[in-house]
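Asks: Before I ask anything, let me first share the structure, which is written out below as structure tokens.
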Amino acid sequence: EAGVTQFPSHSVIEKGQTVTLRCDPISGHDNLYWYRRVMGKEIKFLLHFVKESKQDESGMPNNRFLAERTGGTYSTLKVQPAELEDSGVYFCASSPNSETQYFGPGTRLLVL
Amino acid sequence: GESVGLHLPTLSVQEGDNSIINCAYSNSASDYFIWYKQESGKGPQFIIDIRSNMDKRQGQRVTVLLNKTVKHLSLQIAATQPGDSAVYFCAENRKAAGNKLTFGGGTRVLVKP
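Chains as they are written, first to last, in this note's numbering: chain A, 1 to 112; chain B, 1001 to 1113.
See below:
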């Protein structure tokens, strides 16, 4: 069974540009989570989808971040415009039951 | 890698010895705890979990101990191998909070041959 996949694996952009990250969860997992780890900090929750609905977006840092999960399958996380402090690793996780969460390899974002 | 700049406590252990990684959590209402292993360039990989109504759970070469009185969690790895070198994170989960994970800062384990 394929695990959680994320694309791209790395992204280097300039401040002010837009970046879109993609996550494909494990097939059949209704729950999809986004987390990130910025430099020097712990992994922090961003938001949680159940199918196509946003269950909890309390961790989204500001309105420059927009997450979607149209059709309840893959999800995208768009950062527009990107700022220097957005640099870090963005992880996606999926779960069939909201308990055990399986993580993807992450997207390493560097904003210059 | 992504750990640059993140000052992690490091546990250096001889191959074949046992490792003990500790974690303190803050929320007494947490009802589920998980240990993850993260190797360089990869995402966190599930190792073992434990519910709050348990004190101990064993897996293959790993044991998790939960002490709710002092809000402490530990991961014991038996006969540590070079492949165990990684960063280990504990995470807590509360259903009432929507099952979003709260992670600890991580411990780096270095296995010396």
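Idealized CB from N, CA, C, for every residue including glycine.
Which class does residue 1065/B belong to by DSSP, given the choice of helix, strand or coil?
Replies: The residue labelled residue 1065/B in the question sits at position 65 within the second sequence. Looking at residue 1065/B - three-state DSSP - the assignment turns out to be strand.
Asks: Going by alpha carbons, who is nearest to residue 9/A out of 99/A, 88/A, 100/A?
Replies: By 1-based counting over the first sequence, the position of residue 9/A is 9. Residue 9/A has its Cα closest to that of 88/A, out of 99/A, 88/A, 100/A.
Asks: At a Cβ threshold of 8 Å, is residue 1025/B touching chain A?
Replies: To locate residue 1025/B, count along the second sequence from 1; it is residue 25. Judged by the 8 Å Cβ criterion, residue 1025/B is not in contact with chain A.
Asks: In whole angstroms, what is the alpha-carbon distance linking residue 6/A and residue 40/A?
Replies: Locating residue 6/A in the first sequence gives position 6, where the first residue counts as 1. Locating residue 40/A in the first sequence gives position 40, where the first residue counts as 1. Straight-line Cα distance between these residues: approximately 22 Å.
Asks: Counting only runs that start and end within the stretch 28-56 of chain A, where is the beta strand (DSSP E) found for 3 or more residues in a row?
Replies: Correct list: 31-38, 44-50, 53-56.
Asks: Looking only at its chain, what residues have a beta carbon closer than 6 Å to the beta carbon of residue 1093/B, apart from the 5 residues adjacent to it on each side?
Replies: For the purposes of this step, residue 1093/B is identified with residue 93 of the second sequence, where counting begins at 1. The answer, listed in chain order, is 1032, 1099, 1101.
Asks: Quick test of your reading: residue 1073/B and residue 1064/B, contact by CB under 8 Å. State the CB separation rounded to the nearest angstrom.
Replies: Position 73 of the second sequence, counted from the first residue, corresponds to residue 1073/B. Position 64 of the second sequence, counted from the first residue, corresponds to residue 1064/B. Their Cβ separation, rounded to whole angstroms, is 7 Å, which keeps residue 1073/B and residue 1064/B in contact under 8 Å.
Asks: Using the rule of at least 16 other Cβ atoms within 10 Å of the residue's Cβ for burial, across every protein chain shown, is residue 93/A buried or exposed?
Replies: One-based indexing of the first sequence puts residue 93/A at position 93. Answer is buried; the Cβ neighbour count reaches 16.
Asks: Counting only beta-carbon atoms, is residue 7/A nearer than 8 Å to chain B?
Replies: To locate residue 7/A, count along the first sequence from 1; it is residue 7. No, residue 7/A lies away from the interface with chain B (no Cβ there is under 8 Å from its Cβ).
Asks: Beta carbons nearer than 9 Å to chain A: which residues of the stretch 1061-1094 of chain B have them?
Replies: Of all residues in the stretch 1061-1094 of chain B, 1089, 1091, 1093 have a Cβ within less than 9 Å of some Cβ in chain A.
Asks: Work out the CA separation of residue 56/A and residue 1096/B for me, nearest whole Å.
Replies: In the second sequence, counting from the first residue as 1, residue 1096/B sits at position 96. In the first sequence, counting from the first residue as 1, residue 56/A sits at position 56. When rounded, the distance between both Cα atoms is 12 Å.
Asks: Which residues in chain B have a C-beta closer than 7 Å to the C-beta of residue 56/A? List them in chain order.
Replies: Along the first sequence, read from residue 1 onward, the residue named residue 56/A stands at position 56. Simply 1098, 1100.
Asks: In chain order, what residues of the same chain lie with their CB nearer than 7 Å to the CB of residue 1017/B, ignoring the 5 residues before and after it?
Replies: Position 17 of the second sequence holds residue 1017/B. Cβ within range, chain order: 1080.
Asks: Interface residues of chain B around residue 106/A at Cβ under 7 Å?
Replies: What you label residue 106/A is simply residue 106 of the first sequence in a count that begins at 1. Residues of chain B passing the Cβ test: 1043.
Asks: What three-state label does DSSP hand residue 1096/B in the structure shown?
Replies: For this step, residue 1096/B is matched to residue 96 along the second sequence. Helix, per DSSP.
Asks: Output, in chain order, the set of chain B residues within a Cβ distance shorter than 9 Å of residue 42/A.
Replies: For this step, residue 42/A is matched to residue 42 along the first sequence. Within 9 Å Cβ-Cβ: 1006, 1089, 1102, 1103, 1104, 1105, 1106.
Asks: Thinking residue 16/A and residue 96/A are a contact (beta carbons under 8 Å), I'd like their distance in whole angstroms, please.
Replies: For the purposes of this step, residue 16/A is taken as residue 16 along the first sequence, with counting starting at 1. For the purposes of this step, residue 96/A is taken as residue 96 along the first sequence, with counting starting at 1. The Cβ separation is near 39 Å, so there is no contact.
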